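Engineer: Okay, handing you the structure first.
Protein chains in written order, with this note's numbering: chain A, 3 to 249; chain R, 1166 to 1498; chain Z, 28 to 313.
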């Protein structure tokens, strides 16, 4: 099976006259840990949002699991087996952590169109949610509302929400941002525990963790791919230094 | 989302009072007001499904009340259909209208949605007003005799009250189940975080559209009962003021609970009836209440007054060092 | 043939009145994101005020200024003391304008009673304009002229003046405009007053054609909404074209299918929403 899980061809996105992403081509095979690097404004998050389906590209094609999803909506892509986390917390603040994960699980089930059966009675769903929270180490506060949790706990909840859907393609947008050293270790361990049948594409600024974690690194600048290769390749390439240091 | 605002004992008392109402209140006039409240409550409950649980503000919800009422009267009193057939067709056709209007309104969101629902509602009013040959125009459509389901004499105010109360109970039950169901929880999720819901695999448009149709259906049921009660309908039932009054019921009772709109309906209907005995300028009062609620009690009259009473209670007992309502158990002094 | 021309001119005239109303509404919505549901009431109140001024002996032209001026002040006060308190709460602003609309409408019935009141036409503009065997009221031609002149004036204001540049900046990107030093609160007041004045003056101008009656507000408001939905948010051209389209449809509809005139109004809305939700000339989604 050499079909790439994610294949992007000639992808561009303009906002008015401003090119946020310019002619990006990328192939991510199954099981790979791909890291997107680049300074702020390089177009990483826009690129991410294009893959996730937040808005359509101006040009180019996106294929997920071999299917052309360029014109398909975000929810259709999720139904194919993709999940993402957000840089900005967009959870349900008034609901419990358990409820948040249940909503995530519900997204892939026909039950979400059922106008009659009480969701609270779906014990299998709630048990699975609790198990997912246990996996990220949050089951001890499963019944707390999100508003009552710390930033680090919310970051882990984000990951739990994505993992709950057992995705085959996981997009992580700065999963370690703003975390303390201990919290970063927890999340790092969590990420490394994700089995290899899940392909991960990650944006991250924390160099040590990211470089240790990644198989292949893509460096972007001004919306274009500047360097791409293994960790050793990228570290050695003079263009990488140019991107970050300007010379 | 929390459950109903009342706990068990007050709820039982309220239920008992509602059931015993025709005996507690001897005058037919007040029993009829109670029937009006019940019908308005069903409409307000259906609107709150959109507003409170869906985050979709509609200013054209009276459309479903009005169209169902017009169809019921037209089919039953003017086109020779039987009561049951007329009722079923009226509710069915109105629900189909909700499907169309929902599609059009959901081409936008937020303020755009509001504008479209308003425009659609007023256009319907214009149709009812102008197409006199079909709708009777300004004179309205009447001549409906109340049905006799299972031999019940609905011209008796007390019996009619129980008839509509039965529908209110069914409505509350169905809407309560909807709120706790997968679709209802999905709807509330789309209210809070539509972008996140899309990323989680939810077809936000479809969820909103289905909920819109469900709300339109219950609006149609209210319209059917409205037709039976008044035995007459005029374009006023479709007018922006009717939609606005229903909206007032929802925000007065508070959008956050299941039963808030019922309280709101009671408040508005009673106020309207009391006020019209003394002053003829009901709309000025409606407007002032709207402005006052929005400026001073945006969470709704009922939650706002409850909050106010709690603050008052705290202030009149200076020896208490904590808010009594926030303590889980008893305090031993 | 005559019929089509006359009805076309009637449509143009009605569309012109609609444009005077809708332009103000569109400016306010485009810049301030406020759906001003009082706009129809402003129109009606302006007409009543103008009428009373004329009954007090003032001539038509001064009455327009008085009507427009009164609503300009009313709008300014309401914006400053009520709407501004609700900045950032678009829904609350809408509900407040709805409440104000009811207060104004019912106050009008209280003061001017429920009878429809005809508004006298200025003597200079009575009579009809004749070409071969066609006759068309001069006043209606005048109103059409006013709308075109207004459209040109607004275009000039928006495209060529500093105020217009600030308005356009605000419509495009409000936080950025503020960050660049544009005093948005003052801008908001100016635009709201301008929009309100247009509504009030428009009401007086419409008087000789539509007369004034309780319910004029709820007759006109939905049409303004349909114009904005049809023409697109934040587009003056959209408001102009949309107004004319609705004017034509309404006029021909009234003449051909009087019962269904209102049903026909649905059609452009349905078409636009289905095929092009941003409206004919809108750049943002509604």
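From the three backbone atoms N, C-alpha and C, an ideal C-beta is built for every residue, glycine too.
Note that the structure is predicted; figures quoted are calculated from it, not measured.
#1: Using a Cβ cut-off of 8 Å (strictly closer), state whether residue 235 of chain A contacts chain R.
#2: Can you find a C-beta in chain R that's less than 8 Å from the C-beta of residue 172 of chain A?
#3: What residue range does the alpha helix (DSSP H) around residue 187 of chain A cover?
#4: Counting only Cβ pairs nearer than 9 Å, list the residues of chain R close to residue 226 of chain Z.
#5: Going by CA-CA distance only, name the one from A/141, A/157 and A/240 that's closest to residue 88 of chain A.
#6: Rounded C-beta distance between residue 1206 of chain R and residue 1392 of chain R? I'm assuming under 8 Å.
#7: Is there a Cβ of chain A sitting closer than 8 Å to that of residue 1300 of chain R, yes or no?
#8: Answer yes if the stretch 1301-1320 of chain R comes into contact with the stretch 56-68 of chain A, meaning at least three C-beta pairs across the two stretches below 8 Å, and no otherwise.
#9: Near residue 1399 of chain R, which residues of its chain fall below 6 Å by C-beta distance, leaving aside the five closest residues on each side in sequence?
#10: Which same chain residues, not among the five before or five after residue 220 of chain A, have their C-beta less than 8 Å away from its C-beta?
#11: Can you find a C-beta in chain Z that's less than 8 Å from the C-beta of residue 1287 of chain R?
#12: Tell me, please, whether the stretch 1327-1335 of chain R touches the stretch 1403-1420 of chain R by the rule of three or more beta-carbon pairs shorter than 8 Å.
#13: Does DSSP put residue 1454 of chain R in a helix, a strand or coil?
#14: Flag residue 1365 of chain R as yes if its beta-carbon sits less than 8 Å from any beta-carbon of chain A, otherwise no.
#15: Can you list the residues of chain A that residue 1382 of chain R reaches, using a CB-CB cut of under 8 Å?
#16: Could you pull out every residue in the same chain whose Cβ sits closer than 7 Å to the Cβ of residue 32 of chain Z, ignoring the five residues on either side in sequence?
#17: Mind checking whether residue 239 of chain Z and residue 149 of chain Z have CB atoms under 8 Å apart?
#18: Taking the alpha-carbon positions, what's the residue 196 of chain A to residue 112 of chain A distance?
#19: Got a sec? Which residues, its chain only, sit under 7 Å from residue 223 of chain A by beta carbon, not counting five neighbours each side?
#20: Could you tell me the alpha carbon to alpha carbon distance between residue 1489 of chain R and residue 1468 of chain R, rounded to whole angstroms?
#21: What is the C-beta distance between residue 135 of chain A and residue 103 of chain A, in whole angstroms, given that I count them as a contact (C-beta under 8 Å)?
#22: In the structure shown, what three-state DSSP assignment does residue 199 of chain A receive?
#23: Which whole-angstrom value describes the C-beta separation of residue 59 of chain Z and residue 218 of chain Z, a residue pair presumed to lie in contact below a C-beta threshold of 8 Å?
#24: Hey, which unbroken runs of the beta strand (DSSP E) at 3 residues or more fall wholly within the stretch 9-70 of chain A?
#25: Ignore the nearest five residues each way along the sequence and tell me which others in residue 287 of chain Z's own chain have a CB closer than 7 Å to its CB.
#26: Consult DSSP for residue 1314 of chain R and reduce its assignment to one of helix, strand or coil.
#27: Taking DSSP as the reference, what is the three-state secondary structure of residue 144 of chain A?
#28: For a quick check, are the C-beta atoms of residue 1187 of chain R and residue 1323 of chain R less than 8 Å apart?
#29: Under 9 Å, CB to CB, which of the residues in the stretch 108-121 of chain A have a partner in chain R?
#30: Please classify residue 1233 of chain R as buried or exposed, where buried requires at least 16 neighbouring CB atoms within 10 angstroms.
#31: Given a threshold of 16 other Cβ atoms within 10 Å of its Cβ, counted over all protein chains shown, does residue 1478 of chain R qualify as buried or as exposed?
#32: I need the DSSP call for residue 54 of chain Z, collapsed to helix, strand or coil.
#33: For residue 1283 of chain R, go through chain Z and note every residue whose CB falls closer than 7 Å to its CB, in chain order.
#34: Please list the residues of the stretch 111-145 of chain Z that have a C-beta atom closer than 9 Å to any C-beta atom in chain R, keeping them in chain order.
#35: Go through its chain and collect everything with a Cβ distance to residue 185 of chain Z's Cβ below 7 Å, but skip five positions before and after it.
#36: Roughly how many angstroms separate the alpha carbons of residue 194 of chain A and residue 159 of chain A, rounded to a whole number?
Structural biologist: According to the structure data:
#1: Not one chain R Cβ lies under 8 Å of residue 235 of chain A.
#2: Not closer than 8 Å to any Cβ of chain R, the Cβ of residue 172 of chain A fails to qualify, so no.
#3: 183-194 is the extent of the alpha helix (DSSP H) around residue 187 of chain A.
#4: Ordered by position in chain R, no residue passes the 9 Å Cβ test against residue 226 of chain Z, which lies about 17 Å from the chain.
#5: It is A/157 whose Cα lies nearest to the Cα of residue 88 of chain A.
#6: Contact between residue 1206 of chain R and residue 1392 of chain R is absent: CB atoms are separated by about 17 Å, not below the 8 Å threshold.
#7: Residue contact with chain A for residue 1300 of chain R: absent (no Cβ-Cβ distance below 8 Å to any residue of chain A).
#8: Touching, no.
#9: Excluding the 5 residues flanking it on each side, residue 1399 of chain R has same chain C-beta neighbours closer than 6 Å at 1305, in chain order.
#10: These residues qualify, in order along the chain: 28, 36, 37, 38, 39, 227, 229 and 230.
#11: Closer than 8 Å to some Cβ of chain Z, the Cβ of residue 1287 of chain R qualifies, so yes.
#12: With the cut-off at 8 Å, the stretch 1327-1335 of chain R and the stretch 1403-1420 of chain R do not touch.
#13: In the structure shown, the three-state DSSP call for residue 1454 of chain R is helix.
#14: Chain A, which has a Cβ nearer than 8 Å to the Cβ of residue 1365 of chain R, makes this yes.
#15: Simply none; closest approach about 11 Å.
#16: So the qualifying residues of the chain are 161.
#17: For residue 239 of chain Z and residue 149 of chain Z, no; Cβs fall outside 8 Å.
#18: If I take the Cα positions, the gap works out to 26 Å.
#19: Within the same chain, and ignoring the five residues on either side of residue 223 of chain A in sequence, the residues whose Cβ sits closer than 7 Å to its Cβ are 40, 41, 44 and 245.
#20: Confidence in residue 1489 of chain R is poor, its pLDDT being 38 and thus under 50, which makes the residue's placement too unreliable to answer from.
#21: About 6 Å separates the CB atoms of residue 135 of chain A and residue 103 of chain A; that is less than 8 Å, so the two are in contact.
#22: DSSP places residue 199 of chain A in coil when its eight states are reduced to three.
#23: Between residue 218 of chain Z and residue 59 of chain Z the Cβ distance is about 7 Å, and since that is below 8 Å, they are a contact.
#24: For the stretch 9-70 of chain A, whole beta strand (DSSP E) runs of length 3 or above, ordered along the chain, are 20-30, 35-39 and 61-66.
#25: So the list reads 280, once near-sequence residues are dropped.
#26: Here residue 1314 of chain R sits in helix by DSSP.
#27: It is coil, neither helix nor strand.
#28: Between residue 1187 of chain R and residue 1323 of chain R, the C-beta spacing is below 8 Å.
#29: The stretch 108-121 of chain A vs chain R, Cβ under 9 Å: 108, 109, 110, 111, 112, 113, 114, 115, 116, 117, 118, 119, 120 and 121.
#30: By the Cβ neighbour-count rule, residue 1233 of chain R is buried, with 16 or more other Cβ atoms within 10 Å of its own.
#31: Under the 10 Å beta carbon count, residue 1478 of chain R is surrounded by fewer than 16 other beta carbons and is classified as exposed.
#32: It is helical.
#33: Residues of chain Z passing the Cβ test: 249 and 252.
#34: Result list: 112, 113, 116, 117, 118, 119, 120, 121, 122, 123, 125, 126, 127, 128, 129, 130, 131, 132, 133, 134, 136 and 137.
#35: Excluding positions up to five away in sequence, the list reads 191, 194, 195 and 263.
#36: Straight-line Cα distance between these residues: approximately 16 Å.
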